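Everything below concerns the one structure shown next.
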Amino acid sequence: AAGAAGAGAGAGAGAGASEEVGYGMGELLVEVVVLLLKGFLVSVDLLLLAVQPVMQKLGDLRRSWGVRNILHLKKEEKKKKKVVVIGASFAGLEASRHLSKHAEVTIIEERSFFEYTPGVLRCFVDPQHFYSLACSLHLPPCQIVTGHVTDVQAKQVVVEFDHGGEKQVREIPFDYCLLAMGSSYNGAIRPRREEKTMSCRAMTWMHENSKLQQAPSALVVGAGLVGVELAAEIIAVYPSKRVTLVYGTQDVCKELPPPARAYIRTWLKERGVIIKSDRRVSDFRGDECVLDDGQTLQAPLIYRCLGSYPRSDPLQEEFEDKLDSRGAIRVNSFLQVIGCSNVYAAGDVTVHAQHTEEKTGYTAEQNAKLAASNIVRDIEGKELLSYPDGLFGEGQATPTIFCVSLSKYDGVVIFNSLILTGKIAAVFKWLIEWTKVASMRGRPVGKLFWQVADVASIFLSNYIFRPKKDSKSLA
């Protein structure tokens with residue numbers, strides 16, 4: 004009873020619209036820096052758009068001057084391999100960009116839009132933020148099929164889709180397949196299957212924000228990256244709400260180094276978040292959760308931030324023996340599904356045979372680059388590259404990169420041994436988010452930024468801020 008009162012006390016406080024306190028000098032500085040950066044990036048984008056037609060014309064002229072055998076070219080085009088990419092998030096879109104230059108690519112995705120998942124927790128307190136995180140899917144010359152994959156077989160995928168309100172089934176053959184279905188998460192954090200359009204997804208965020216506005220308190224279960232970010236977003240915008248964070252480990256964000264964890268823990272405590280560490284939840288009962296010692300915590304809103312799980316339902320038949328206990332598909336060092344030379348996988352749906360790494364948007368894209376490269380190399384009869392050596396150099400490890408928001412104006416950014424906290428981290432996270440979404444929208448400045456950033460990250464990781472070697476095997 005005491006526990007229920009503890010988490011549920013303060014009824015009536017915090018209900019209503021945003022209560023975020025006014026700007027201090029630090030917050031104002033972040034706003035000014037972001038405004039200046041945005042103005043600079045938009046200016047560069049307009050410049051690149053202006054010169055783009057000229058560059059394309061020069062490219063066409065250069066190609067027309069080359070001595071080419073037209074008959075041989077047509078023969079090559081007829082031999083283009085068919086590649087099916089399942090999933091259109093970080094891994095799927097990154098792979099498709101590379102593959103579209105060498106193969107006939109079909110992308111299969113349940114939704115008609117891309118959503119920048121690392122930024123969605125702010126949508127709980129600011130639903131309009133969704134529009135800065137999302138864009139329609141458009142990646143020529145790839146063909147995009149909107150539908151639900153029900154089965155992946157050795158040479159084809161089975162897709163279910165709506166046609167005039169009627170469900171139909173289509174079989175799409177392939178020479179190569181890339182599994183990039185990602186993962187699922189409890190609640191609204193990842194789109195549900197019925198959220199096929201941006202308008203449907205926007206309505207979800209409006210609904211989630213309405214529930215949060217009306218609730219006097221909130222209980223966040225789990226203190227990984229998602230749990231602490233969500234608690235931080237809520238307490239920053241609704242400081243009078245009672246926010247409780249309960250988790251079964253001794254500290255928050257076990258993925259992060261101790262200085263980063265200490266910063267996050269202090270930030271939450273200073274703003275009044277009630278922290279209950281080393282307390283496991285044994286049961287959920289409506290607006291209550293029961294801890295392993297029998298104590299009951301009560302709140303009108305309970306967010307279960309207990310981790311994601313691979314979206315591997317279409318693999319349950321053909322690839323059942325290649326899934327681990329969590330449902331992740333096992334891949335070898337070339338990112339091929341074990342025992343399947345023409346099926347590759349990247350991102351959250353995978354478990355590597357010889358290498359472990361945190362599942363983030365960055366690592367999903369690195370997986371996709373190598374998988375796409377190996378598909379092209381296999382088409383051309385070349386030796387395949389292993390992960391991560393094929394990307395970062397022999398003996399090098401994947402860079403460890405984390406960006407944790409602690410409201411709009413604070414955060415933690417980690418690049419291997421480098422740790423940035425406070426306002427500068429908030430600006431870095433904004434820059435990463437804005438440019439990545441710009442890239443997904445096809446804006447030249449976004450594409451250019453990430454071409455430079457990818458090269459820079461490899462150089463910094465290999466020579467300046469070196470990562471820890473990871474020798475743990477999952478085989």
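Take the sequence shown: its position 364, counting from 1, is numbered 367 in the numbering used here, and each next residue is one higher. We treat Cβ as the ideally placed atom computed from N, Cα and C, and that holds for glycine. Computed from a prediction, not measured in an experiment: that's the story for all the values here.
Contact annotation: I305 and L222 have beta-carbon atoms nearer than 7 Å. The beta carbon of E211 sits closer than 6 Å to the beta carbons of F127 and A191 from its chain, once the five residues preceding and following it are set aside; these are given in chain order. For L248 against V276, the beta-carbon gap comes to about 6 Å, under 8 Å, which counts as contact. Counting along the chain, V231 sits inside the alpha helix (DSSP H) bounded by residues L228 to V240.
In the structure shown, G350 falls within a helical segment according to DSSP collapsed to helix, strand and coil. With fewer than 16 other CB atoms across the displayed protein chains lying within 10 angstroms of its CB, H166 is exposed. V172 places its beta carbon 7 Å or farther from that of K426. If you check the CB distance, E321 and Q159 do not come in under 7 Å.
For K432, the secondary structure class from DSSP, reduced to helix, strand or coil, is helix. For F462, the three-state secondary structure derived from DSSP is helix. Along the length of the stretch 195-225, whole beta strand (DSSP E) runs at least 3 residues long occupy 220-224, reported in chain order. Rounded to the nearest whole angstrom, the CA to CA distance from N345 to Q339 is 7 Å. Check the Cα spacing between C406 and each of E107, T120 and Q216: the tightest is with T120. Taking 4 residues as the shortest admissible run, the stretch 267-342 contains no complete alpha helix (DSSP H) segment at all. The Cβ-Cβ distance between I89 and V152 falls below 7 Å. Between the alpha carbons of V162 and T353 lies a distance of about 21 Å.
Beta-bridge partners assigned by DSSP to L181: V88 and Y347. Under DSSP, the beta-bridge partners assigned to S186 are P313. Here DSSP, grouped into helix, strand and coil, assigns A53 to helix.
Residues E118, Y119, G122, V123, C126, E436 and V440 of the same chain have their beta carbon placed closer than 8 Å to that of L136, with the five preceding and five following residues left out of the count.
Counting only runs of 4+ residues, the alpha helix (DSSP H) found wholly inside the stretch 78-160 occupies 93-102, in chain order. A contact between stretches requires three or more CB pairs, one per stretch, nearer than 8 Å, and the stretch 90-110 fails this requirement with the stretch 198-206. Of the other Cβ atoms in all chains shown, 16 or more fall within 10 Å of the Cβ of L409; this residue is therefore buried.
Here the C-alpha atom of E360 lies approximately 23 Å from the C-alpha atom of R307. Counting every other CB atom within 10 Å of its CB across the protein chains shown gives D351 a total of 16 or more, marking it as buried. Put simply, of K214, L271 and A302 the residue whose alpha carbon is nearest the alpha carbon of D129 is K214. Straight-line measurement puts the Cα of L44 at about 37 Å from the Cα of L309. By the CB criterion at 7 Å, A94 and N377 fall outside the cutoff. Taken through DSSP and simplified to helix, strand or coil, E258 comes out as coil.
Boundaries of the beta strand (DSSP E) harbouring R245: R245 to V249, taken from the DSSP string. A residue is called buried once 16 or more other Cβ atoms fall within 10 Å of its Cβ, and S328, having fewer, is exposed. Inclusion of Y365 and I404 in the CB contact set at 7 Å is warranted, their separation being smaller than that value. When only Cα atoms are considered, V86 and E383 end up about 14 Å apart. About 18 Å separates the beta carbon of S115 from that of R314, a gap too long to meet the 8 Å contact definition. Under the three-state reduction of DSSP output, D413 falls in the coil class, being neither helix nor strand. Between G225 and Y266, the C-beta spacing is not below 7 Å.
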